[in-house]
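**Q** One structure is given below, represented as structure tokens, and several questions about it will come after.
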Amino acid sequence: MIRFRRVTLRPLNAWLVAQPVTGSHRKYQLRVWREVNANFAALRDELIDYAQEALDDARARIRKGFEDNLSPFSDPVDDPAAHYPAMLNRITLQGYLGETLAGLAVEHFGAFGKTDWHVPAFLFRFHDQEFQHLDLINERFLMGEPHAPDAEEEMRPGRTGDDALAFRLDAQGKITHVLALEAKCLATSNTGTISDAHGKLAAGPRRPSGIRELITLLSDYETDAAQEWIARLLELYRDGFRTAKRRDGLAYTVGHWPVRPASRVSWLPSDAPHTSYTADRRFDAMEFQLEDLKGLVDTLYRGA
DNA sequence: TTGAGACAGCCTAAACGAGG
DNA sequence: CCTCGTTTAGGCTGTCTCAA
Numbered sequence: 012m013i014r015f016r017r018v019t020l021r022p023l024n025a026w027l028v029a030q031p032v033t034g035s036h037r038k039y040q041l042r043v044w045r046e047v048n049a050n051f052a053a054l055r056d057e058l059i060d061y062a063q064e065a066l067d068d069a070r071a072r073i074r075k076g077f078e079d080n081l082s083p084f085s086d087p088v089d090d091p092a093a094h095y096p097a098m099l100n101r102i103t104l105q106g107y108l109g110e111t112l113a114g115l116a117v118e119h120f121g122a123f124g125k126t127d128w129h130v131p132a133f134l135f136r137f138h139d140q141e142f143q144h145l146d147l148i149n150e151r152f153l154m155g156e157p158h159a160p161d162a163e164e165e166m167r168p169g170r171t172g173d174d175a176l177a178f179r180l181d182a183q184g185k186i187t188h189v190l191a192l193e194a195k196c197l198a199t200s201n202t203g204t205i206s207d208a209h210g211k212l213a214a215g216p217r218r219p220s221g222i223r224e225l226i227t228l229l230s231d232y233e234t235d236a237a238q239e240w241i242a243r244l245l246e247l248y249r250d251g252f253r254t255a256k257r258r259d260g261l262a263y264t265v266g267h268w269p270v271r272p273a274s275r276v277s278w279l280p281s282d283a284p285h286t287s288y289t290a291d292r293r294f295d296a297m298e299f300q301l302e303d304l305k306g307l308v309d310t311l312y313r314g315a
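Numbering (the numbering used here), first residue to last: 12 to 315.
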């Protein structure tokens, strides 16, 4: 565990307002939240802190090669993480937002009727392609060259692997539940993307690949909390995954909500998972409908 | 050994179809 | 006939497989 921030629930619930959803399925549940942008100001600062803390590990990773005191790059002016993530392509930032909201929802709203889910770390540091891209961006700044972050040619592929993982523990601290979260964040809803997300979750193994990445990541931290998590994740990786319960979660963030028919509340199906979901696990679908997606990305990641 | 081609992951944008 | 929603094609890079 290397992240601890929470936002206060009252402003959060006023900003993301839960919508009533009908539908009863044995293993599938949909929840929908709709943004009330007018209520964002009260949450703004907290949410920025939350989103930035999620990226702290990636920043530390970027800086790691420059820690040597003899390095001429140790001057903060040349901070290799200075443009992270603000100068990355908007689509990348949207992806980060989606993953962050997935974690935020699980930590604040709960899932499967439980509110004791833990997200020990986010996996942003494994986005190698953007790290390499960042080198190029930094070079441009050093050379005084222009950089247009949202130009099409600045787009980079997404990261492979799990978008986020959450866990529940028993009284002894042993991991009892693993929640694999797939996150999507689109300006406009896309059924193909919904289908893909369901398919990817269904294909997920009982032991998600992200567990190994989490262990690797946490190994960089010497705090007790990090070490405790390494121990329980190692146990899960070696043997615990056989008995721990695996759950699936989809966090679908969209920049608008359905207009027609008037009765329609969500883009995601409400009664049963999409047909491309072929697994038989408990599945928690979360949909976030934003009034101002672009503005949120700018606020959280570009200091606008 | 090189190279084409498919894939994976992130989405957007244009084209299409159906309903009011 | 216009608008909204769905489908399809496309762009980015790195990796991997199969073929010449």
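By construction, the Cβ of each residue, glycine as well, lies at the ideal position given by its N, Cα and C atoms.
Using the beta-carbon count (16 or more within 10 Å), is residue 52 buried or exposed?
**A** Position 41 of the first sequence, counting from 1, holds the residue named residue 52. So residue 52 counts as exposed.
**Q** Considering only the alpha carbon of each residue, which of 188, 21, 50 lies closest to residue 218?
**A** The residue you call residue 218 lines up with position 207 of the first sequence. Per the Cα distances, 188.
**Q** To which residues of the same chain is residue 74 closer than 8 Å at the C-beta, ignoring the five residues directly before and after it?
**A** On the first sequence, residue 74 is found 63 positions in, with the first residue counted as 1. Counting only Cβ-Cβ distances below 8 Å, and skipping sequence neighbours, we find 90, 91, 92.
**Q** How is residue 307 classed by DSSP in three states: helix, strand or coil?
**A** As a position in the first sequence, residue 307 is number 296, starting the count at 1. Of the three classes helix, strand and coil, the one that applies to residue 307 here is helix, per DSSP.
**Q** Taking just the CA atoms, how far does residue 101 sit from residue 24?
**A** Residue numbering aside, residue 24 sits at position 13 when the first sequence is read from its first letter. Residue numbering aside, residue 101 sits at position 90 when the first sequence is read from its first letter. Computed Cα separation, rounded: 26 Å.
**Q** From the DSSP output, which residues share a beta bridge with residue 183?
**A** Position 172 of the first sequence, counted from the start, is the residue given in the question as residue 183. Its beta-bridge partners do not exist; DSSP assigns none.
**Q** Measure the C-alpha to C-alpha separation of residue 185 and residue 247 and round it to an integer number of angstroms.
**A** Position 174 of the first sequence, counted from the start, is the residue given in the question as residue 185. Position 236 of the first sequence, counted from the start, is the residue given in the question as residue 247. Going by the C-alpha atoms only, they are around 8 Å apart.
**Q** Whose CA, out of 229, 286, 253, 269, lies closest to the CA of residue 71?
**A** Along the first sequence, one-based indexing puts residue 71 at 60. It is 229 whose Cα lies nearest to the Cα of residue 71.
**Q** Drop a sphere of 10 angstroms on the beta-carbon of residue 281, count the other beta-carbons inside from all chains shown, and report buried for 16 or more, exposed for fewer.
**A** Stepping through the first sequence from its first residue, residue 281 is reached at position 270. Result: buried.
**Q** Can you confirm whether the region 33–47 touches the region 154–165 when touching is taken to mean that 3 or more C-beta pairs between the two stretches lie within less than 8 Å?
**A** The region 154–165 vs the region 33–47: no contact.
**Q** Count the other CB atoms within 10 Å of the CB of residue 331; is the residue buried (16 or more) or exposed (fewer)?
**A** An answer regarding residue 331 cannot be provided, because it is not within the stretch 12 to 315 covered by the chain.
**Q** For residue 300, list the residues DSSP reports as bridge partners.
**A** Here residue 300 corresponds to residue number 289 of the first sequence, with the count starting at 1. Its beta-bridge partners are 45, 265.
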